[in-house]
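The first sequence begins at 1 in the UniProt record's numbering and counts up by one. Notes follow the structure.
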Amino acid sequence: MSKNLVIVESPAKARTIEGYLGKDFVVKSSYGHVRDLPKDDMAIDIQNGFRPIYEVTPDKRQVISELKKLVKESDVIWLATDDDREGEAISWHLKEALGLKDDTKRIVFHEITKKAIQNAIESPRLIDIDLVNAQQARRVLDRLVGFELSPVLWKKIKSGSSMALSAGRVQSVAVRLIVEREREIDGHNTKSSYKVTAQFIVDNGKILNSELPKNFSTLDEARAFLDKCREAIFTIRNLETKPAKKSPAPPFTTSTLQQEASRKLSFSVLQTMTLAQKLYESGKISYMRTDSISLSQEAIDKAKQAITSDFGEKYVHTRQYKTKSESAQEAHEAIRPTDFSVKTAGGDRNEQRLYDLIWKRSIASQMADAQLERTTATIGISTTPEELIAQGEVIKFDGFLKVYLESTDDEDEESKGMLPPLSIGQVLNLDQMKATQKFSRPAPRYTEASLVKKLEEMGIGRPSTYAPTISTIVKRQYVIKEDRPGKERDFKELILKQGQIQEKTGKENYGSEKAKLFPTNMGLVVNDFLVEYFEGIVDYKFTANVEKEFDEIANGKVGWQDMIQNFYGDFHRNVETVQGATLTGSKPGSRDLGIHPESGKKVSARLGKYGAYVQIGEATDEDKPQFANLKKDQLIESISLDEALDLFSLPREVGFFEDKPMVIGIGKYGPYVKHDDKYVSLSKDDDPYTVTAERAVELIQQKRIENISESIGEFEGKLITTGKGRFGPYVKHDEKYISLPKGEFPAGLTLERAIELIQQKRLTESNKYIREFPENPAVKVVNGMYGPYLAIGKRNIKIPKDVEPASLTLEDCLKLAGDTGGDEKPKAKKGTKAPAKSTVAAKKTAVKK
DNA sequence: CAGTGAGCGAGCTTCCGCTTGACTT
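Structural data, given as structure tokens:
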């Protein structure tokens with residue numbers, strides 16, 4: 001009986017598969033990639049065919065050493081990493097790192113079913129070195145681009161270790177999309193037109209809504225039309241009923257899951273992925289990082305069963321969806337429940353909500369089309385050839401909509417409702433007709449999820465990187481995700497009622513944004529720089545083009561080094577040129593705004609180390625130039641001279657309080673009110689440029705209240721006091737301090753609330769220590785944020801999953817401490833700095849062993 | 001705790017893609 005070791009990428013997958021394979025098989029996981037280029041060194045021998053110098057990733061050393069042990073004990077090794085470019089490379093790296101033979105068995109499967117695994121075991125192949133080379137080309141290209149481009153930004157735009165700038169094939173395009181969308185919106189020319197709608201009352205008091213297919217471009221035209229309708233007779237000229245159908249959407253991929261969870265549940269892409277990961281680890285859903293929309297036959301059969309038992313057989317319509325995406329690699333199934341008969345996922349509320357979404361979408365994908373009937377009524381007007389149109393929709397058979405209709409949070413599909421009974425020739429009674437001014441809208445700003453959608457459409461990035469890419473561009477402060485209030489505008493409306501036309505002006509709010517991505521000044525500057533000097537890299541088609549070349553490598557038609565050489569020549573020359581050149585034109589991120597009307601000095605907006613600012617005068621002037629920061633949200637490229645000069649109105653006196661002046665300013669720690677030599681920070685919602693004296697007084701008084709400690713009552717015979725200390729506002733009772741939760745202040749704190757907080761704190765305290773030992777008070781079993789751990793003196797030791805923390809004895813604890821005890825190696829100090837790196841990393845070829 | 005931005009230059013930073021568990025009041 002031979003012993004088998006199967007290596008997959010994910011531990012959850014390993015657990016499942018082990019169950020399918022029986023006793024002779026041990027299934028372990030590599031936890032993703034095990035070797036990579038070192039983090040802080042180019043590690044590519046450019047002179048020698050771009051030879052990459054890999055190392056076992058530090059956090060994978062243990063994985064590798066454990067796998068090595070198992071390899072020794074096994075007769076047959078099966079490399080079962082994902083069936084895509086990265087997966088093939090992981091197998092190859094495993095082979096190299098574990099010292100396996102070239103003929104090690106490589107197996108692949110696209111679904112985690114017993115049958116699929118057994119089939120795979122029956123038809124092993126060898127590692128596909130061409131595919132591995134395509135991955136190496138991808139890796140080397142990304143490293144070259146990232147590690148040569150980023151330093152150009154440090155040199156030409158801003159350097160500094162905190163919030164370092166960076167550029168890369170994926171992130172820079174993501175930023176570009178956001179920047180260009182913002183400019184599109186900025187340049188949008190709002191046009192208005194007048195939309196005509198009419199409401200009729202039919203025999204039995206029911207209402208018929210209709211509209212004119214065309215809009216009028218001016219108020220006068222709209223008025224002329226309504227004028228004609230004043231005395232008109234309205235007749236049904238035509239009634240047409242057509243069957244229609246709606247089909248369900250395919251089951252989720254990573255990207256569509258992120259979009260839907262964003263729209264329906266308002267989750268961020270990171271939140272969605274974290275929840276999905278939990279569902280995956282607890283065995284509730286299939287793998288969540290996938291670009292495939294197909295389901296295993298087994299899953300389809302199970303879905304069919306579930307639909308039949310829940311809704312009946314006529315609701316079943318199984319389908320196999322095929323991806324339209326060229327970049328899809330389809331190593332996994334679409335995202336689906338592992339068991340369709342399970343409707344609850346356990347875990348917290350949001351896990352359940354996400355699971356519900358996945359369940360519904362997967363089930364719906366295997367359900368019948370909805371059958372509809374659309375009725376169109378054409379309404380003639382006796383005084384003009386124009387016609388009004390009324391449309392209604394009736395669901396004849398709900399099909400998959402049954403699953404969606406159950407959901408309360410589905411609002412994207414507004415149903416049109418039914419038309420009242422009508423007949424041709426019927427004369428209608430006009431209740432009122434309106435011509436309402438409508439404004440054209442610019443393209444919408446990106447949300448995280450719509451950005452992911454766009455990137456996916458362009459074939460940029462992978463399911464595993466969508467969420468991290470967004471984190472990167474936010475962390476670099478190229479973009480910011482936030483809400484912004486809208487503006488108000490007037491709109492005109494003409495109303496025809498009882499033969500009279502009335503003109504009305506209404507107000508509407510427009511342009512308010514929620515959780516949208518906006519470019520920052522830094523994002524604009526870095527993007528413009530890259531577009532100007534490295535257009536080839538931030539070109540939207542760059543990834544698509546290199547992907548084609550990677551495919552050729554994978555097909556064995558092109559050598560990977562040749563491909564990289566071909567790319568690198570021009571790219572590197574360009575890097576050198578831009579590095580060395582004094583940039584033509586003005587410094588990136590600088591813009592002249594005009595002349596200061598009083599002093600005649602030049603006014604300019606620039607990007608500095610601390611952000612964007614406006615400067616009056618030149619550094620070379622006799623007297624020093626004056627500076628002022630731009631407000632949050634103000635962009636260098638769009639600030640006007642007036643807005644810029646307005647920034648110099650700080651610090652300003654807003655008024656007096658208790659005979660002393662209050663001064664508003666902006667300091668190192670943000671906007672403040674200074675009064676009686678004491679500073680009070682403004683709140684986030686206060687604009688220092690417009691804040692009033694009343695508000696300033698309020699802030700000063702609020703601060704006083706917070707700082708004064710006062711007793712608010714007694715509890716268990718001891719005083720409860722509130723106050724503000726080093727760590728913020730607190731409640732104190734029995735010599736113990738409790739920090740107030742965010743948003744709560746001592747000022748409004750009731751005795752009841754204070755007692756609640758004290759009891760809450762006791763509860764968590766009592767839950768915290770799972771076990772204590774009177775014999776040895778230094779040893780405790782503690783419930784920590786990341787699970788139970790053992791605290792012995794100053795050391796903390798994680799308690800293994802298979803140990804029940806509540807039943808540990810003191811001896812167990814000491815043993816646990818002894819097992820994992822002490823031999824922590826001090827990290828080898830990073831070598832004293834190597835001689836200055838030449839521009840290329842040729843030197844690093846010196847063997848690393 | 002309540003000012004800084006240029007320039008002089010050393011020394012710091014960085015990519016994309018695959019995975020989860022390490023941080024502990």
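Think of the CB as a built atom: it goes at the ideal place given N, C-alpha and C, for glycine as much as any other residue. Bear in mind the structure is a predicted one, so any value in this text is a computation, not a measurement.
Would you give the residue range spanned by the alpha helix (DSSP H) that M433 belongs to?
-> Premise fails: M433 lies in the beta strand (DSSP E), 427 to 439, not in any alpha helix (DSSP H).
Of the listed residues V269, L295, K69, A134, nearest to Q561 (C-alpha basis) = Selected option, being the one with the closest Cα: A134.
With 16 other CB atoms within 10 Å as the buried threshold, where does D677 fall?
-> Exposed, because fewer than 16 other Cβ atoms sit within 10 Å of the Cβ of D677.
Compute the distance between the beta-carbons of S192 and K438, then report whether it is under 8 Å.
-> Contact annotation: S192 and K438 have beta-carbon atoms nearer than 8 Å.
Return the chain-ordered list of same chain residues with a C-beta closer than 6 Å to the C-beta of S10, the five sequence neighbours on each side being excluded.
-> Taken in chain order, the residues that qualify are S29.
DSSP state of L5, grouped into three classes?
-> Three-state result, L5: strand.
DSSP beta-bridge partners of L208 | Note: L208 sits in a beta bridge opposite F200.
Return the CA-CA distance between E88 and G187, expressed in angstroms with no decimal places.
-> Each residue's CA atom was taken as its position, placing E88 and G187 some 47 Å apart.
So is D59 buried or exposed if we call it buried at 16+ other beta carbons inside 10 Å?
-> By the neighbour-count definition (other C-beta atoms within 10 Å, threshold 16), D59 is an exposed residue.
Could you tell me whether the segment 233 to 240 touches the segment 417 to 433, using the rule of 3 or more Cβ pairs below 8 Å?
-> Verdict: yes, contact present.
What are the boundary residues of the alpha helix (DSSP H) that G87 is part of?
-> Annotation: the continuous alpha helix (DSSP H) that includes G87 extends over 85 to 98.
Please work out which residues of its chain come closer than 7 Å, Cβ to Cβ, to V403, disregarding the five sequence neighbours upstream and downstream, and give them in chain order.
-> Cβ within range, chain order: K360, I363, A364, M367.
Between the segment 451 to 466 and the segment 143 to 161, are three or more C-beta pairs nearer than 8 Å?
-> These segments do not touch.
Beta carbon of T16 nearer than 8 Å to that of I112 = Yes. Within cutoff.
Are the beta-carbon atoms of L645 and A605 separated by less than 8 Å?
-> The Cβ atoms of L645 and A605 do not sit closer than 8 Å to each other.
A436 and K684: beta carbons closer than 8 Å?
-> Looking at the sequence itself, residue 436 is Thr, so the reference to Ala does not match. No, Cβ-Cβ distance for T436 and K684 is not below 8 Å.
Can you say whether residue 850 is buried or exposed, counting buried as having 16 or more other CB atoms within 10 angstroms of its CB?
-> Because the chain here runs from 1 to 849, residue 850 falls outside it and cannot be looked at.
How long is the line joining the alpha carbons of T308 and S341, rounded to whole angstroms?
-> Our two residues, T308 and S341, have alpha carbons roughly 11 Å apart in a direct line.
Could you check the C-alpha separation between R336 and R319 for me, to the nearest Å?
-> Each residue's alpha carbon lies about 14 Å from the other.
When you compare only the Cα positions, how much space is there between Q297 and K114?
-> A direct Cα-Cα distance of roughly 12 Å separates Q297 from K114.
For A334, verify whether its CB is less than 7 Å away from any heavy atom of the ligand HEM.
-> With respect to the ligand HEM, the structure shown offers nothing to examine, as it has no ligands at all.
Nearest-angstrom Cα separation, counted from D227 out to L219 | Spanning the two alpha carbons is a distance of roughly 12 Å.
Could you give the C-beta distance for residue 864 and L144, rounded to a whole number, given that I count them as a contact under 8 Å?
-> As displayed, the chain neither begins before 1 nor continues past 849, which places residue 864 out of reach and without an answer.
Tell me Q615's beta-bridge partners as DSSP assigns them.
-> According to DSSP, which records beta bridges pairwise, Q615 is partnered with S604, F627.
Taking DSSP as the reference, what is the three-state secondary structure of G340?
-> For the sequence presented, residue 340 should be read as Phe rather than Gly. DSSP places F340 in coil when its eight states are reduced to three.
Find out if the Cβ-Cβ distance for the pair N574, F534 is shorter than 8 Å.
-> Contact: yes.
Are Q579 and V152 touching if we call contact CB-CB under 8 Å?
-> Yes, they are a contact pair.
Alpha helix (DSSP H) runs wholly inside the segment 293 to 340, at least 4 long, in chain order | For the segment 293 to 340, the full-length alpha helix (DSSP H) segments reaching 4 residues or more read 297 to 311 along the chain.
Can the beta-carbon of E503 be found closer than 8 Å to that of L496?
-> Between E503 and L496, the gap from beta carbon to beta carbon reaches 8 Å or more.
With DSSP as the reference, label G655 as helix, strand or coil.
-> Strand.
Where does residue 850 fall in DSSP's three states?
-> Only positions 1 to 849 of the chain appear in the structure, and residue 850 is not among them; the question remains open.
Which two residues bound the contiguous beta strand (DSSP E) that contains N509?
-> Annotation: the continuous beta strand (DSSP E) that includes N509 extends over 500 to 510.
Under 7 Å Cβ to Cβ from E637, same chain only, skipping five residues before and after it: list those, please.
-> Closer than 7 Å at Cβ, skipping near neighbours: L524, R591.
Contacts around Y287, its chain only, beta-carbon distance under 6 Å, and the 5 residues preceding and following it disregarded = Cβ neighbours of Y287 beyond the five flanking positions: H332.
Does DSSP classify D823 as helix, strand or coil?
-> Residue placement at D823 is poorly supported in this model, since its pLDDT is 37, which falls under 50; the coordinates still yield a value, given next. Of the three classes helix, strand and coil, the one that applies to D823 here is coil, per DSSP.
Start and end residues, beta strand (DSSP E) containing T375 = Run containing T375: 370 to 381, per the beta strand (DSSP E) assignment.
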